Structures are given as structure tokens and as C-alpha cells.
Amino acid sequence: MPLTPLNESLGRQRASHLLRRTIFGASPNLVEEFAQLNPQQAVDRLFIDEIPFPEPPIDPATGGEWMSTGTTNANSEGFELEQYFLSWQLGQFLGPNTTEDQKLSFIFRERLVYFLHTHFTTKRSVVGNSRALYYQNLLFRQFAFDQYLVLDETEEQLNFKDLVKKISLDNAMLQFLDGRLNVKGSPNENFARELLELYSVGRGLEGIDKGDNETGDYGTFTEQDVQEGARILSGFNVDTDFAFLDEQTGLPTGVAKGNGLTANQHDNDSKQLSFRFNNASISPDPELLLNGQATYESAVDEIKQLIDAIFEQEETAIHICRKLYRFFVYHEISEDIQNGIIKDMATVFTEQNFSLQAVLQALFTSQEFYEGADGVSDDNFGSIIKSPLDLIIGHARSIDLELPDYVLQAEQFYEITNDWLRKMGDMGLNFYEPFEVAGYLAYHQFPIYHRGWITTSYLTQRYAYVQTVSNANMEGMDVEFKTPIEYVEQYVDNNTASNAKELVVEISNQFLALTDNLGFGNPDTSPITEERLNYFLDAFLKTFQIDENPEEAWTFRWTQGVDRETVERQLQDLFNAILQSPEYQLM
496 MPLTPLNESL GRQRASHLLR RTIFGASPNL VEEFAQLNPQ QAVDRLFIDE IPFPEPPIDP
556 ATGGEWMSTG TTNANSEGFE LEQYFLSWQL GQFLGPNTTE DQKLSFIFRE RLVYFLHTHF
616 TTKRSVVGNS RALYYQNLLF RQFAFDQYLV LDETEEQLNF KDLVKKISLD NAMLQFLDGR
676 LNVKGSPNEN FARELLELYS VGRGLEGIDK GDNETGDYGT FTEQDVQEGA RILSGFNVDT
736 DFAFLDEQTG LPTGVAKGNG LTANQHDNDS KQLSFRFNNA SISPDPELLL NGQATYESAV
796 DEIKQLIDAI FEQEETAIHI CRKLYRFFVY HEISEDIQNG IIKDMATVFT EQNFSLQAVL
856 QALFTSQEFY EGADGVSDDN FGSIIKSPLD LIIGHARSID LELPDYVLQA EQFYEITNDW
916 LRKMGDMGLN FYEPFEVAGY LAYHQFPIYH RGWITTSYLT QRYAYVQTVS NANMEGMDVE
976 FKTPIEYVEQ YVDNNTASNA KELVVEISNQ FLALTDNLGF GNPDTSPITE ERLNYFLDAF
1036 LKTFQIDENP EEAWTFRWTQ GVDRETVERQ LQDLFNAILQ SPEYQLM
């Protein structure tokens, strides 16, 4: 059955849910704005055409970019440039230097860039080249919204299948998975194996008995397909000058090993895939050969034939949609969920020519994405544990944090984002340095998935970060973190702020992933217990325990504007209690 569409307005909780999952979070004002929209209007705000690409990162040593120009002796060291790229990419998640009407769509596109990075993983330490990392990142950005390209006066839309073809010859990927070492007569199978197992058809639903297949048969592909795939992918090398451009994307891509006319390290014989791919035969196109020898064009055409054969399999669309579901909805997928929402998504994906935008639009406007309405037992609110990236960027988004201009104030920009990278590492996310070729454990490790973000050590680091930002204690950094009192003055109605219990409920609603009906005195419908709310209230009022009536004392101090130092300390205690709670680790 198809995804169930939502036809009503989003409402506050659904708007908050959508914004948390797509742009890391939002200020209360933006949540209220989205709450007035219907689902399609909200999603249209995320997918705006012609969003500009960000300016490339700046090297403080020269005051200019180095991606298009290359480096000279005046530039920073290579490892420093890699760090600047990572810091630059982290900052893009806040949409710096973008207009207000484009910011949301810009940030959402960056979230899709991150999704694609978690899918087509790479490691900084293996690639070892900031320009290769940057151009792969730019490739993801170009494909995130199924961008239209005009080639020879013909408009052509990019899609996910095209991206798989492009990533196969991406310079960073050729370095990361040893594609540069894959030559005829001595095939290297690393990329071919990951292309099948991770990036396209996958190995089926995890945790499900797939029967007794013969040795070398993984249910969706076989060792024969890995071996033949390696032969198809042979004969390419990294272009260290980044001068050879893909005709379709205009981005640097790998080159053929050879004399410039022929690809003499490509296996030019026919290849035979297994029964899993209907015994498809992959052969060079005679019209693309040069005197019977392989050329760059003929070798690329064989890759196209291989990926076309892979995407003809139903399981390929299902595998990609499982990844999207786990990233945006929940990690646990039963056979019922796979046979329901996942196959519904896969149908949209396939029918819309493997368009990421089409399948995500269908998902984000469906009841299945939210499932938080009254009477719905399968409640997706607060079902994903925030990654360290979600935690840091989500908090920054919730207070409308503005970073320094990364073009004009590069050093100040890097100071903040470098600190964030260190904090993320302390919490378990070493950006662009996953533990294994399959990527960050939270996005692929069955059955734990994102629960792996929470360990005793990682949780301690999360709480330490929250306390720092709750107290607006970012000494030495050129960044404006709102203090709790500034936050309440900007985002909470004064009457609500003056009532201690109502303020606890309002701040909880703004920062925690909760369904409606939160409040004191309604234990049957409140999404968190009265005991939990009283814990927040006690943390908030403990400074006033010397008063006969702490709640009245709070009201007096707030409405009369007196004893601001005590009020500030009080709000810091409240924010720390809520933002250090287990509930805040969820989105």
C-alpha cells in the first residue's frame, strides 16, 4: 500500500519533529511558523530550486581558497588544509552567508550531504588530500537535490543511480578503496565488494534468516559478481592535479591509466554477472574502442552497464530506502516494516527514476514519518538518539546561532568549528574518520545502530558540553551564545515565563522531542511523568528554597526585574537539568 499522506496542518509537535530530523533543529519562532503550514508547504520550504553552493574554504595563511587553484609554498601544510576543510564543512550545517529565504533549504541540503557521506564513506587519514575530500563533498552537494544540468542545450536531471556511477570514479574513492590499484591481470576487489554490499544492492534485511545459500552467494550478489565487477572497474587512477573533469558534472574525476588515447590497464574482455543479476553480460561498446583497444569512454560505459544492471534489481531500491529510513525515522526495521513503508518508499524511488528528492518528499508528507498522533501506538517522536553532530548543530540551530563570516573571518570561524570537531570526537564521532570502511557504526552496525552513541564516557562528554553552552561559557571565542535569561526573554511569553511550572513545561516542549499534552496534573496523557517534571522544577527552584514559597518568589523576581544574578543562575539550573536529561539526547 502507498505511504499515507497527511492532509492537515503540521501543528507544533509535527513541525518540531520535521525540523529536528531535517535541519538539526530550529528556534521556537521557526517551529511556530512551520506549525501553520500543511505538510506539502513545509516540505516545499526544504526543497528550493537553485540554492547556491557555498564558497570554498579559506586558508588563513594566504587569505584565499586553494581548491580550484591548487597550493603553493605559501599555503598551510596539507594536514592543516584537511582540518580547514572539515571545519568548513561542519560550519555549513548552519547555513553561513546565506539569505534567510534560502537558509532552511541550504541546511537541509547539507544534511543530505552528510547522509551521502555516511553512505559513501571515506576516511581523511587514507585519502590524505583536502582537495579530493572537497570535490567528493561537492559531488554529494550537486546530487543531493537531483539538480538539473544543462548539457548541449538539453536539460538533464541527476539522480542517485547517476551518483553511484560518479562515485565509482571519484578521486577520493579511488584512493580510499584502492581503485587506483585495480588493473587488468591483477584485479583489486575492494571497491567492487563495497559497491555491491554497501552502496547499492546490499545484503538484505539484517537479522533475518536468508536461507542456506551456496558458499559465495550472499542472497543479493555473489563472489562472481565481485570478481567480475572488479574487472569492469579496472584501469583507473587518481588525478592528483584535479584537472580532468567529468563532462556531466564539471567536477574533477579519475583518469584512465594509459597513454591518453587508450586505457591499457582496463580489462577489455567481456564479463559475466551471476544469476543474481540475470546473468547480465557486460561488454565494451565497439564504437567506443580505438582500434579494438579500451578507451576511457569504453571503460566508463562498462561501469554504466554494471550499475544499470544493479539498479534493475528490486533489492537495490529497498536497500537505499532502508538507509534513508534509518537515518530519518528509526533504526529498527522488522519484516512488516520492510514489506510496508520500506517497499512503499522503494516504489516511489524506482518510479521516480531513483530521485532522492521524490522519495524524501513522499516520506516527509506521510503519516508514517510522524506517527505521533493521539491513538497511534508506534510513536516515532524521540526515537533517534542524537549523534554528536545533531547535538551540537541542533543546539546552535535552536538559539539561532550565527557563526563569523568564514570568508572574511576565517580564523575566528575555524576556532569555533575546530572546537566543535574536538567535542564531537570526545562524544564518539570522529568526523571523516570512521572506524571501518562501512562507515560510522551508528549508521550500519546491526543491531545497535545509533544506540552506540551512548556510553558512560560519551554521555559524560555530552553533559559537559551542554553545561558549557547552557551557561553561555565560550570564553575566548568570537561567538554569541544566548544566555538562558536572553533565551527566555526572546522565546517565551512573559506570562508563561513568570509562572515556574508553566515555564518548565514550555522549555521542555521547546527542547525535548515530545508529543502533545505535556504538563503537570495530567499523568494519563503527559508524554513524561509528573516525577520527571518535578525533577526539572526542583532543579529550577532549589536556589529559592530559603523562600517560604519558591514559586511565588520566582514570579516576583521575574515580573519585577530584580535580583537578575539569582534569576540567571536559576535559569542555568533549569536549562542544565533539561538539556542534560536522557530525553534531550533524543530527536
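In short: position in the sequence shown from 1, add 495, done, that's my numbering.
All C-beta atoms, glycine included, are put in the ideal place defined by N, C-alpha and C.
Bear in mind the structure is a predicted one, so any value in this text is a computation, not a measurement.
Given this structure, state the Cα-to-Cα distance separating residue i from residue j, to the nearest angstrom.
| i | j | result |
| --- | --- | --- |
| D1068 | G923 | 26 Å |
| Q578 | N990 | 47 Å |
| V583 | W948 | Per the sequence shown, residue 583 should be read as Trp rather than Val. Looking at the two C-alpha atoms, the distance is approximately 24 Å. |
| R515 | I602 | 12 Å |
| L1074 | S522 | 15 Å |
| V824 | V538 | 16 Å |
| R626 | T617 | 13 Å |
| T557 | T978 | 36 Å |
| V843 | S952 | 41 Å |
| N848 | N654 | 7 Å |
| S571 | N913 | 16 Å |
| A1034 | V1057 | 20 Å |
| D1011 | K661 | 45 Å |
| Q498 | N834 | A quick correction: the sequence has Leu, not Gln, at residue 498. C-alpha separation (whole angstroms): 12 Å. |
| L998 | V987 | 8 Å |
| D921 | I887 | 12 Å |
| E827 | L634 | 30 Å |
| Q631 | D665 | 7 Å |
| V871 | Q862 | Any reading at V871 needs caution, since the residue's pLDDT is 48, under 50, leaving its predicted position unreliable; the model's value is listed next. Looking at the two C-alpha atoms, the distance is approximately 10 Å. |
| E595 | T710 | 56 Å |
| F864 | L858 | 6 Å |
| F737 | Q760 | 20 Å |
| W1053 | V1062 | 7 Å |
| I818 | E1043 | First, the residue type needs correcting, since residue 818 is Lys and not Ile in the sequence shown. For K818 and E1043, the distance between alpha carbons rounds to 55 Å. |
| D869 | F716 | Since pLDDT at D869 reaches only 45, below the 50 mark, its modelled position is unreliable, and the value read off the structure follows with that caveat. Going by the C-alpha atoms only, they are around 43 Å apart. |
| L1032 | Q508 | 22 Å |
Run the CB neighbour count on residue i, radius 10 Å, all protein chains shown included, and call it buried at 16 or more, exposed below.
| i | result |
| --- | --- |
| G680 | exposed |
| P500 | exposed |
| L1066 | buried |
| D764 | exposed |
| Q1055 | exposed |
| N732 | buried |
| F930 | exposed |
| I894 | buried |
| V795 | buried |
| D839 | buried |
| L785 | exposed |
| D657 | buried |
Please state whether DSSP places residue i in a helix, a strand or coil.
| i | result |
| --- | --- |
| G706 | coil |
| S965 | helix |
| P500 | strand |
| V678 | strand |
| A857 | helix |
| L898 | coil |
| Q597 | helix |
| V1057 | coil |
| K766 | strand |
| Q743 | coil |
| D554 | strand |
| L936 | helix |
| F731 | strand |
Of all the options the options, which has the alpha carbon lying nearest to the alpha carbon of residue i?
| i | options | result |
| --- | --- | --- |
| F548 | F529, E605, F739 and A569 | E605 |
| T593 | D1011, I662 and I546 | I546 |
| V721 | A687, G706, L693 and A751 | A687 |
| L896 | P591, G559 and N1017 | P591 |
| I754 | S571, Q788 and Q670 | Ile is not the amino acid found at residue 754; the sequence shown has Asn there. For the residues S571, Q788 and Q670, the minimum Cα distance to N754 belongs to Q788. |
| Q800 | E1063, R626 and S778 | S778 |
| E575 | L1081, Y909, N1004 and D796 | Y909 |
| S600 | A937, Q536 and N1012 | Q536 |
| P1087 | E1043, M668, G697 and G724 | The requested residue 1087 is not part of the displayed model; the chain covers only 496 to 1082. |
| I518 | L1013, K881 and S571 | K881 |
| T963 | A1072, L693 and A857 | A1072 |
| F580 | S511, L936, L916 and I543 | L916 |
| Q743 | Q652, A857 and M1082 | Q652 |
| S663 | G697, E709, F615 and E846 | F615 |
| L607 | Q808, Q852, G699 and Y960 | Q852 |
| Q940 | R726, E701 and L525 | E701 |
| N685 | G724, D839 and L658 | G724 |
| Q670 | V932, M1082 and Y938 | V932 |
Below 8 Å on the Cβ atoms is my guess for residue i versus residue j; work out the distance and round it to an integer in Å.
| i | j | result |
| --- | --- | --- |
| S793 | L783 | 4 Å |
| L532 | L505 | 6 Å |
| L449 | Y944 | Limits of the chain in this structure are 496 at one end and 1082 at the other, which puts residue 449 out of reach. |
| T1050 | S993 | 5 Å |
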